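S.K.: Mind having a look at this structure? Questions to follow.
Number of protein chains: 2
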Amino acid sequence: MELFYSSDIQGGIVRLDPEESAHCARVLRHRAGDGISVIDGTGPLYRCRLTGDDPRGAVAEVMEVLPDFGAHPYRLTMAVCPTKNIDRYEWFVEKATEIGVDAIAPVTGDHSERKVLRADRLERLVLSAAKQSLKGRIPEVLPVRSVQELIAGAPASALRLIAYCDESLPERHSIVEALKEARGREIVVLIGPEGDFSPAEVAAALQAGFVPVHLGPSRLRTETAALTAVQAVYLSCI
Amino acid sequence: MELFYSSDIQGGIVRLDPEESAHCARVLRHRAGDGISVIDGTGPLYRCRLTGDDPRGAVAEVMEVLPDFGAHPYRLTMAVCPTKNIDRYEWFVEKATEIGVDAIAPVTGDHSERKVLRADRLERLVLSAAKQSLKGRIPEVLPVRSVQELIAGAPASALRLIAYCDESLPERHSIVEALKEARGREIVVLIGPEGDFSPAEVAAALQAGFVPVHLGPSRLRTETAALTAVQAVYLSCI
Numbered sequence: 000m001e002l003f004y005s006s007d008i009q010g011g012i013v014r015l016d017p018e019e020s021a022h023c024a025r026v027l028r029h030r031a032g033d034g035i036s037v038i039d040g041t042g043p044l045y046r047c048r049l050t051g052d053d054p055r056g057a058v059a060e061v062m063e064v065l066p067d068f069g070a071h072p073y074r075l076t077m078a079v080c081p082t083k084n085i086d087r088y089e090w091f092v093e094k095a096t097e098i099g100v101d102a103i104a105p106v107t108g109d110h111s112e113r114k115v116l117r118a119d120r121l122e123r124l125v126l127s128a129a130k131q132s133l134k135g136r137i138p139e140v141l142p143v144r145s146v147q148e149l150i151a152g153a154p155a156s157a158l159r160l161i162a163y164c165d166e167s168l169p170e171r172h173s174i175v176e177a178l179k180e181a182r183g184r185e186i187v188v189l190i191g192p193e194g195d196f197s198p199a200e201v202a203a204a205l206q207a208g209f210v211p212v213h214l215g216p217s218r219l220r221t222e223t224a225a226l227t228a229v230q231a232v233y234l235s236c237i
Numbered sequence: 000m001e002l003f004y005s006s007d008i009q010g011g012i013v014r015l016d017p018e019e020s021a022h023c024a025r026v027l028r029h030r031a032g033d034g035i036s037v038i039d040g041t042g043p044l045y046r047c048r049l050t051g052d053d054p055r056g057a058v059a060e061v062m063e064v065l066p067d068f069g070a071h072p073y074r075l076t077m078a079v080c081p082t083k084n085i086d087r088y089e090w091f092v093e094k095a096t097e098i099g100v101d102a103i104a105p106v107t108g109d110h111s112e113r114k115v116l117r118a119d120r121l122e123r124l125v126l127s128a129a130k131q132s133l134k135g136r137i138p139e140v141l142p143v144r145s146v147q148e149l150i151a152g153a154p155a156s157a158l159r160l161i162a163y164c165d166e167s168l169p170e171r172h173s174i175v176e177a178l179k180e181a182r183g184r185e186i187v188v189l190i191g192p193e194g195d196f197s198p199a200e201v202a203a204a205l206q207a208g209f210v211p212v213h214l215g216p217s218r219l220r221t222e223t224a225a226l227t228a229v230q231a232v233y234l235s236c237i
């Protein structure tokens, strides 16, 4: 199944933008009368019938709405410091979308070597990964903030976890154990840069009520650590 | 920490091959007297002192042996059908090594589009991933076999799992639940190709005592499914 994306679904009529229209009518050679599946990124899947196959502006009518299509039974924000090599960050974003994540919050830490990030690239990536993995909801890409801003802004009602490597810092729980306390609450996981968090960042997180966690004995790169946290949440619900 | 690899450690003397010697003495400019860390791929880490810094044949003496360096508390064989796009398979092999795996068994199924694989590339990859992630033991890359051969050859004493997608086949358990039955036994996980296993392969696996498992509600690519299984084993032990 191929999913199309549209931000213009009103009154049972779906309009595809020129890029999606060209893909639908020219590349895949869909013609009026064909069935297509469309998402608007907010959750549902719209089963539609193509009524206009213009490759510059295709139009379809909604036949059926499947709510929460490809949804996962948790709400997860991954706050992850960008890696020096941005390909590795983009890889994480793609795989996290495939497994199941609700928001990606790029954060820059005191030890981050990379402080900037192209949000438009990440937004294209989550859209394409959501379509590829048949998800009705596209993860939100939040604006870049500092680790301290993320800590201050994370809702106190959420289960907030900070994964750090420094073994001299306060005792950490296994993320698997920590997730047992989620009990349906939103989950926020904070993952540091290659150089780990600064002691000031860890202190601020603990002060704010973040739970310190570890990701097991393997020495993981930033992006693998972040994906391992997503998997821990995903696997805790299956 | 940088790890060097040597297949020639005898009587407390480590000899590096020309490639590792050049990396040690020319690229990293190590000189006689420097401390270096060496693995032989079987488990231990050797803390050594360089005694000869010839970039064509460096020599070191072993000062200390740390057994089971970077080891994980399980024994896992991942039997995974190669993906059409081989980069995706290599990505899986690299990430699985980083997280923790003991053997990679490439298998070809009835529905596999790719039947050949360059073992030398995979062997270089596991070596470099093991060094990068500071592991004393390099995963074994087994020869390519058919799914049927793998099923027939997997030890009956192991917890053997087969992950398949077809929901019309016998009821599957969550991999998380299935792993609770591991109890220290070797684990073998069989992951099919893009086109899933054939009904004959599933029947043979169930007949042989494989436990049918699912990997949760997300629609995962072959390589993401395989990595999710590695993560499930890893996370079940932390």
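Quick note, the sequences are listed as chains L and Y, same order. Numbering follows numbering that gives the first Met the number 0, with no gaps: position 182 of the first sequence is 181. Numbering follows numbering that gives the first Met the number 0, with no gaps: position 228 of the second sequence is 227. Glycine included, C-beta positions come from ideal geometry on N, C-alpha and C. On a predicted model such as this, the values are computed, not experimentally measured, just so you know.
1) If contacts are defined as beta-carbon pairs under 8 Å, then residue 133 of chain Y and residue 218 of chain L qualify, I think. What distance do you get, rounded to the angstrom?
2) Would residue 175 of chain Y count as contacting chain L if we go by Cβ distances under 8 Å?
3) Give, in chain order, every residue of the segment 215–228 of chain Y whose Cβ lies closer than 9 Å to some Cβ of chain L.
4) Can you give the beta carbon distance from residue 11 of chain L to residue 68 of chain L, rounded, assuming they're within the 8 Å contact cut?
5) Quick test of your reading: residue 106 of chain Y and residue 144 of chain Y, contact by CB under 8 Å. State the CB separation rounded to the nearest angstrom.
6) Give a yes or no on whether 8 Å exceeds the smallest Cβ distance from residue 161 of chain L to chain B.
7) Would you tell me roughly how many angstroms separate the C-alpha atoms of residue 169 of chain L and residue 70 of chain L, rounded to the nearest one?
8) Note down, in chain order, every chain Y residue with its Cβ under 9 Å from the Cβ of residue 234 of chain L.
9) Rounded to a whole number of angstroms, what is the C-alpha to C-alpha distance between residue 27 of chain Y and residue 140 of chain Y?
10) For the segment 193–207 of chain L and the segment 60–67 of chain L, state whether three or more C-beta atom pairs, one from each stretch, are separated by less than 8 Å.
11) Just to confirm, is the Cβ distance from residue 155 of chain Y to residue 174 of chain Y under 8 Å?
12) So, helix, strand or coil for residue 197 of chain L, using DSSP?
13) Going by DSSP in three states, residue 17 of chain Y sits in which element: helix, strand or coil?
14) Quick check on residue 42 of chain L - is its C-beta less than 8 Å from some C-beta in chain Y?
15) In chain L, what lies closer than 9 Å to residue 71 of chain Y by C-beta?
16) Would residue 82 of chain Y be called buried (16 or more neighbouring beta carbons within 10 Å of its own) or exposed?
17) Determine the closest residue to residue 52 of chain L out of L:43, L:165, L:224, L:24, with distance taken between C-alpha atoms.
18) Would you list, in chain order, the members of the segment 91–115 of chain Y that have their beta-carbon closer than 8 Å to a beta-carbon of chain L?
19) Applying the criterion that 16 or more other CB atoms from any shown protein chain within 10 Å of the CB defines a buried residue, is residue 77 of chain L buried or exposed?
20) List, from N- to C-terminal side, the alpha helix (DSSP H) runs of 4 residues or more that fit wholly inside the segment 39–99 of chain L.
21) Using 8 Å for Cβ pairs, my map puts residue 54 of chain L next to residue 103 of chain L. What's the rounded Cβ distance?
22) Run through DSSP, which three-state label would residue 163 of chain Y get?
23) Determine, for residue 133 of chain Y, whether the minimum Cβ-Cβ distance to residues of chain L falls below 8 Å.
24) Check whether the Cβ atoms of residue 186 of chain Y and residue 215 of chain L lie closer than 8 Å to each other.
25) Can you give me the start and stop residues for the alpha helix (DSSP H) that residue 174 of chain L sits inside?
26) Can you tell me which of the three DSSP states residue 129 of chain Y falls into?
27) Could you work out which residue in L:116, L:47, L:56, L:20 is closest to residue 79 of chain L when comparing CA atoms only?
28) May I have the straight-line CA-CA distance separating residue 213 of chain L from residue 189 of chain L, to the nearest angstrom?
29) Could you tell me the distance, in whole angstroms, from the CA atom of residue 9 of chain L to the CA atom of residue 233 of chain Y?
30) Going by DSSP, what residues sit across from residue 213 of chain Y in a beta bridge?
31) In angstroms with no decimal places, state the Cα-to-Cα distance between residue 22 of chain L and residue 49 of chain L.
32) Which first and last residues belong to the alpha helix (DSSP H) in which residue 237 of chain L is found?
33) Who pairs with residue 6 of chain L in a beta bridge, going by DSSP?
34) State the CB to CB distance for the pair residue 192 of chain Y and residue 108 of chain Y, rounded to an integer number of angstroms; the pair is presumed to be in contact (CB under 8 Å).
35) Cutting at 7 Å between CB atoms, please list the residues of its own chain near residue 35 of chain Y, excluding the five before and the five after it.
36) Just to confirm my understanding: we take residue 226 of chain L, look at its own chain, exclude 5 residues before and 5 after, and list those with CB closer than 8 Å. What are they?
M.R.: Per the coordinate set shown:
1) The Cβ separation is near 5 Å, so the contact holds.
2) So yes, residue 175 of chain Y belongs to the interface.
3) Closer than 9 Å at the C-beta level to chain L, one finds these residues of the segment 215–228 of chain Y: 215, 216, 217, 218, 219, 220, 223, 226, 227.
4) Separation of the CB atoms of residue 11 of chain L and residue 68 of chain L is rounded to 17 Å, and the pair is thereby denied contact status at 8 Å.
5) Contact check for residue 106 of chain Y and residue 144 of chain Y: beta-carbon distance about 6 Å, within the 8 Å limit, so the pair qualifies.
6) Structure shown: chain B not included; protein chains present are L and Y.
7) Between the C-alpha atoms of residue 169 of chain L and residue 70 of chain L there is a straight-line separation of about 36 Å.
8) Those are 173, 174, 175, 214, 215, 227, 230, 231, 234, 235, listed as they occur along chain Y.
9) Our two residues, residue 27 of chain Y and residue 140 of chain Y, have alpha carbons roughly 29 Å apart in a direct line.
10) Segments in contact, no.
11) Residue 174 of chain Y is positioned such that its CB atom lies no closer than 8 Å to that of residue 155 of chain Y.
12) It is coil, neither helix nor strand.
13) Of the three classes helix, strand and coil, the one that applies to residue 17 of chain Y here is helix, per DSSP.
14) Closer than 8 Å: no.
15) Per Cβ cutoff of 9 Å: 215, 216, 217.
16) Buried, because 16 or more other Cβ atoms sit within 10 Å of the Cβ of residue 82 of chain Y.
17) Nearest of L:43, L:165, L:224, L:24 to residue 52 of chain L, Cα basis: L:24.
18) If the cut-off is 8 Å between Cβ atoms, the segment 91–115 of chain Y has 94, 97, 98, 99 near chain L.
19) Buried.
20) Within the segment 39–99 of chain L, the alpha helix (DSSP H) runs of at least 4 residues that lie entirely inside it are, in chain order, 85–98.
21) Not really, about 32 Å apart at Cβ, beyond 8 Å.
22) In the structure shown, residue 163 of chain Y sits in coil (DSSP, three-state: anything other than H, G, I, E or B).
23) Yes, its Cβ sits closer than 8 Å to a Cβ of chain L.
24) Cβ distance not < 8 Å, so residue 186 of chain Y and residue 215 of chain L don't count as in contact.
25) For residue 174 of chain L, the enclosing alpha helix (DSSP H) stretches over residues 174–178.
26) Helix, per DSSP.
27) Of the listed residues, the one whose Cα sits closest to residue 79 of chain L is L:116.
28) Residue 189 of chain L has its alpha-carbon roughly 11 Å from the corresponding atom of residue 213 of chain L.
29) Answer to the nearest angstrom: the Cα atoms are 46 Å apart.
30) Partner(s): Y:173.
31) Their Cα atoms are separated by approximately 13 Å.
32) Counting along the chain, residue 237 of chain L falls outside any alpha helix (DSSP H), and DSSP gives it neither H nor E.
33) The partner list for residue 6 of chain L (beta bridge, DSSP) is empty, contrary to what the question assumes.
34) Yes, they are in contact, since the Cβ atoms of residue 192 of chain Y and residue 108 of chain Y sit about 5 Å apart, within 8 Å.
35) Correct list, in chain order: 3, 23, 29, 47, 49, 59.
36) Around residue 226 of chain L: 91, 94, 95, 98.
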